[in-house]
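Just so you know, the sequences run in chain order A and B.
Using our numbering, read the first sequence as starting at 7 and increasing by one per residue.
Using our numbering, read the second sequence as starting at 7 and increasing by one per residue.
There are 2 protein chains.
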Amino acid sequence: MSDAQQSAKESETSSRPSKRRAIPETAEEMARRQREISVSEFFLKNRHLLGFDSPRRALLTAVKEAVDNALDACEEAGILPEVAVEIVQIEPDRFSVTVTDNGPGIVRAQIPKIFAKLLYGSKFHRLRMSRGQQGIGISAAAMYGQLTTGQPALIRSRTARARPAHEIEVAMDTKSNRPTILRDIETDWRPEFPQEADESGAAAAPTSSDHGTSVTIVLEAAYVRGRLSVDEYLQQCAVVNPHLRLHYRLALLPRGNDENHATDSASSPSIAGGAWRHWRRAVETLPKPPVEIRPHPHGVELGLLIQILKHTTARTVRAALTRDFSRVNDRAALEVCARAGVDPHAAPARIAHRESEALFRALGEVKLMRPPTDCLSPIGEELIVAGLKKEVAADFYTAVTREPAVYRGHPFQIEAGLAYARPNAEGGAAADDPARLLRFANRVPLLYMAGACAITRSTCAVNWRAYGLAQPKDALPLGPLVLLVHVASVWVPFTSESKDAVAHYPEIVREITFALQECGRRLAVFLSRRRREADAERRRSHIEKYIPHLALGLREILRFDEREEERVRQKLASLLERSRGEATWLERGK
Amino acid sequence: MSDAQQSAKESETSSRPSKRRAIPETAEEMARRQREISVSEFFLKNRHLLGFDSPRRALLTAVKEAVDNALDACEEAGILPEVAVEIVQIEPDRFSVTVTDNGPGIVRAQIPKIFAKLLYGSKFHRLRMSRGQQGIGISAAAMYGQLTTGQPALIRSRTARARPAHEIEVAMDTKSNRPTILRDIETDWRPEFPQEADESGAAAAPTSSDHGTSVTIVLEAAYVRGRLSVDEYLQQCAVVNPHLRLHYRLALLPRGNDENHATDSASSPSIAGGAWRHWRRAVETLPKPPVEIRPHPHGVELGLLIQILKHTTARTVRAALTRDFSRVNDRAALEVCARAGVDPHAAPARIAHRESEALFRALGEVKLMRPPTDCLSPIGEELIVAGLKKEVAADFYTAVTREPAVYRGHPFQIEAGLAYARPNAEGGAAADDPARLLRFANRVPLLYMAGACAITRSTCAVNWRAYGLAQPKDALPLGPLVLLVHVASVWVPFTSESKDAVAHYPEIVREITFALQECGRRLAVFLSRRRREADAERRRSHIEKYIPHLALGLREILRFDEREEERVRQKLASLLERSRGEATWLERGK
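What follows is the structure in structure tokens.
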């Protein structure tokens, strides 16, 4: 304790004594210290919850939030998305991230709140599959940039050719979670996208769009290549969004000059310019647009039911039940009221607590159809296989899209894909490496927190040995294997606000398991056929080696001449060929 | 896709068509859907982040938040805490949780906000070790109760004998995160605590206090015994809070009657009354009260510095630096200003962005003392050993309290304890079971999410084989071992709002490793001494067996009589005794 005492003494000299108050305190003194905590203060102090716990992850998270928003906006507006991501290292530990899209643009009045207010957005209150769902992501990225570099976010947006573009610099007042507009002008900006050089190698002029949004955030960050990098994220993005046209440029400072740049960054225009990379579209159509649904009674808790009854615009309980829930038709509503002993014509808001509880129990007992599933937009088996083919050279590809299922009233749908390369093939993985698992939620690649994710745990729990693969206990299978799992839902239950891992809901784990098992069974069929074919091939070449000797032996025994020997040899060979063909046919029929 | 189409068709008939809008949408339509999301709406939908993802965990989380608050309040007021926890199962899936303390009480005006508003509290803005830190816990428990049972939280509180008690029922308006007061009366309530029966077994009258608070929350929950139960939590609470007097009662419905109770709960007063359990105090003094500190410059980010300069009450930069930061004395402040090229007499709020960045860099370069550590209140080695002795019967106990260290400017301190039972001792663990790891943060037991916790990962990363224990790769050591790790900090970086796991800050991982390694070294000394003693014992009993034969042989060779044989036997025995004593002494001297 002597150390602590010493510390206390030391600090006495350098500190404002009034602040170093001794306890005990009375209830009144404690009351004076009670304060509201703004959500921005909370997340500023807890920024690891948002995915900003290290400079490397911060870079990825900022890009991810901006790209997710761009894709959501394009798809909602029915626009085939084109997105440019530009990352420029302006100081050794400081990066500028700019993401530009050809989306519908954002009306001026909404820009400050969308980019500089946490918990603000259009997707939270809606039951429909989308990448964003919380109203935190992009404003958290802007807040982190502001915290680490003091720089505001810069947003440019245009909604139509006939309207001006808005260019706004906005910071967050983190004490109150409100935006502060620092600059707000009208310009004739239009989103531009760099294009691939043509066949002659001549640089193509960039194309531009009449509408779109661009956001620039300057933040403290680090760039590291590899499985957790922005490159990997964008690559996987292209795999599950085949309708996306994507451009990416990373400009890093020349190495070794770091020291100079650290102290004198403003005067260094000589950035080592990275070239643009381009991903083309694999399809020219948008995914089926998901439809918004209302909550399903079997996933609604008592407190939520009370709230819906309080705030409904319906005038009777019967009308509220049919209008504010999905899958409750008039007959079901009347049955619920009868079971609960509630007058179907009663005013919903007047239903006392006692009655709402009876209503709640009755809703749970009545048989209802499962929630509609057009709120989901799966990738589809065909496009998953196409995506895997772009990503990995393999001998065998397969994909499974499960029927939609439900957890806590929320529809969700699981898709899985599998690619199997020839072991030790050129450029492929070694046969005893663990499989590579690509995780996706609502078409967004998940890179961090693999260990905490229901996808990883479900994949490890599948018995891959049953399908002919090696697998250590509770681990990924071994082999030149790429696995892909996509969780699509109106509300993906993430384990934290950073949205990197899916929580372990038993219904979700079960569906992932079934999807992977189906992929595994198909792989097993492929592997066993390949093994049999290899066996047959080996047997055949074995026999072929003996045919000349056999023919020679027959000639000596039966005193054939050379011509007869040749005829026997050909007959034996064609017999072997035929029998092999039949065997293969038989095997195939199995 | 045919399934989805069918769903869409089905839902058309039962749905409000206007709501099932088709996209695409324009920027203007999207803007109309943008909304603020209240923090209560956010956590209601994400309640797994708060520790309410299963009925079993919900019960523990509710108890934990209430007990944490009770202990914090008592300690801040300088009151030796006495806490009663009563859990009553009122329906098969519905529990009433009441936690009563003898703390300072809460003034009436604060009660609604503390219990029915998320992100409200006194601990968030303060740099001082306490159990609560977020202003979320207890109001989240009340919110969960309200969501699942529709019941408001009931709070009773009294601040002094001379004042009336307040009894308040409060619910949360989750759309706005504001409290709604349902009942608010003055009573003569006083907190009461059941007492242990005296030696004759006669029931003692409960004692009461002039001040204190009691909170009752009714929630959907499940009770399951075991390592993740409320019992385990309270047991561990008593271990690390030896100054706590604790009473606990769990009353479950009789089994088998569940079916009846489920449909007719109001008419079942026949609850199987559990008896009160009591934990006495091990010490009658409060832990050293931690002192509030100000932020240390080396842990402050640029954005935070700008905010401090904007909001300071100091009139000059020089004064702001010395008053709003710890460890910056006048000399250091002047040096910082000189390095940054800032006038020390400039008004802090007027410092432009450019200058604050220079100031920020200068603050990082100037040498400063590490932050004061009297903001921490470790348990202490002696009390950790005492706590372990209550918990586990073992042959060897040790504990280590490390010197305070710093992560991101926040002081923290690691303590570790170890208890080693004789393998296969009665009631003890088997020798090949994994060690049991007790995790604590700011004196709060952490039960859930062990796998995600820096404490678990650090413990598994220690090479326990070096200390004579078996250990599978990347796992806990095997053996009849209990390990305890306590992380004390002004701001414990938890991996989620449910505060069950500590995030992986390298400084914290390193300190945990050092503390456990020291425990391990001490265990190795004990184990090797015990092994040597066992060896010596075996040798001795071996030789003892031969002494009579030796004496007999000598008698026959030297023709001793029986008396002389007995004398030789005794001499040999005492020689053996002496040589063994010396060896032991020598060994001890090592």
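For every residue, glycine included, the Cβ atom is placed at its ideal position computed from N, Cα and C.
Got a sec, what are the start and stop residues for the beta strand (DSSP E) residue i sits in?
i	result
Pro185 (chain A)	Arg184 to Thr193
Ala411 (chain A)	Ala411 to Tyr413
Ser163 (chain A)	Ala159 to Arg164
Ala405 (chain B)	Phe402 to Thr407
Does residue i come out as helix, strand or coil in the three-state DSSP assignment?
i	result
Phe532 (chain A)	helix
Met178 (chain B)	strand
Thr382 (chain A)	It is Leu, not Thr, that sits at residue 382 (chain A) in the sequence shown. DSSP places Leu382 (chain A) in coil when its eight states are reduced to three.
Ala422 (chain A)	strand
Ile461 (chain A)	helix
Thr213 (chain A)	strand
Glu198 (chain B)	strand
Pro303 (chain A)	helix
Thr322 (chain B)	coil
Glu31 (chain B)	coil
Thr155 (chain B)	helix
Pro440 (chain B)	strand
Glu173 (chain A)	strand
Arg445 (chain B)	strand
Pro451 (chain A)	strand
His351 (chain A)	coil
Leu133 (chain B)	strand
Phe566 (chain B)	coil
Glu571 (chain B)	helix
Val372 (chain A)	coil
So, at 8 Å on beta carbons, what are the nonlocal neighbours of residue i in its own chain, with the 5 sequence-adjacent residues on each side left out?
i	result
Glu513 (chain A)	Ala411, Val412, Tyr413 and Phe418
Asn469 (chain B)	Gln477
Ser24 (chain A)	Caution applies to Ser24 (chain A), whose pLDDT of 40 falls short of 50 and renders its modelled position unreliable; the value that the coordinates give is listed next. Taken in chain order, the list of residues that qualify is empty.
Just curious, the alpha helix (DSSP H) that residue i is in, first and last residue?
i	result
Ile312 (chain B)	Leu308 to His317
Pro296 (chain A)	That residue, Pro296 (chain A), is in no alpha helix (DSSP H); it is neither H nor E in DSSP.
Leu394 (chain B)	Glu387 to Glu397
Arg337 (chain A)	Asp336 to Ala346
Ala281 (chain A)	Where Ala281 (chain A) is concerned, there is no enclosing alpha helix (DSSP H), given that its DSSP letter is neither H nor E.
Pro118 (chain A)	Ile117 to Ala122
When the cut-off is 8 Å and only beta carbons count, does residue i lie next to chain D?
i	result
Ser362 (chain A)	Any reference to chain D falls outside this structure, whose protein chains are A and B.
I'd like the list of long-range same chain contacts for residue i, defined as Cβ closer than 7 Å, with 5 residues on each side in sequence excluded.
i	result
Leu315 (chain A)	Ala326, Pro354, Ala355, Ile357 and Ser362
Ile223 (chain A)	Ala68, Val103, Ala147, Ala148, Gly151 and Ala159
Gly111 (chain A)	Ser163, Arg164, Thr165, His217, Gly218 and Thr219
Glu503 (chain A)	Leu55, Leu56, Gln140 and Ile142
Asn335 (chain B)	Thr328
Cys459 (chain B)	Arg445, Leu452, Ala507 and Val508
Gly138 (chain A)	Asp74, Asn75, Asp78, Gly127 and Lys129
Gly347 (chain B)	Ala364
Ala371 (chain B)	Inspection of the sequence shows that residue 371 (chain B) is occupied by Glu rather than by Ala. Around Glu371 (chain B): Arg345.
Skipping 5 residues on each side, what residues in its chain have a beta carbon closer than 6 Å to that of residue i?
i	result
Ala608 (chain A)	The displayed coordinates of chain A run from 7 to 596. Any statement about residue 608 (chain A) would go beyond what the structure contains.
Arg442 (chain A)	Val488
Ile174 (chain A)	Ile117, Ile161 and Asp190
Arg561 (chain B)	Glu571
Ala557 (chain B)	Glu571, Val574 and Arg575
Please confirm if the region 313-326 of chain B is in contact with the region 160-175 of chain B, defined as three or more CB-CB distances below 8 Å between the two stretches. no
Whole alpha helix (DSSP H) elements within the region 224-254 of chain B, 4-residue minimum: 236-246
Under 8 Å: do the region 229-249 of chain B and the region 206-216 of chain B share three or more Cβ pairs, one atom per stretch? no
Enumerate, from N- to C-terminal direction, the unbroken beta strand (DSSP E) stretches of 3 or more residues contained entirely within the region 50-109 of chain A. 88-97 and 100-107
Going along the chain, which unbroken runs of the beta strand (DSSP E) with 3 or more residues stay wholly within the region 467-550 of chain A? 487-495
Three or more beta-carbon pairs under 8 Å between the region 196-208 of chain B and the region 177-187 of chain B, yes or no? no
Taking three-plus beta-carbon pairs below 8 Å as touching, is the region 43-54 of chain B in contact with the region 117-135 of chain B? yes
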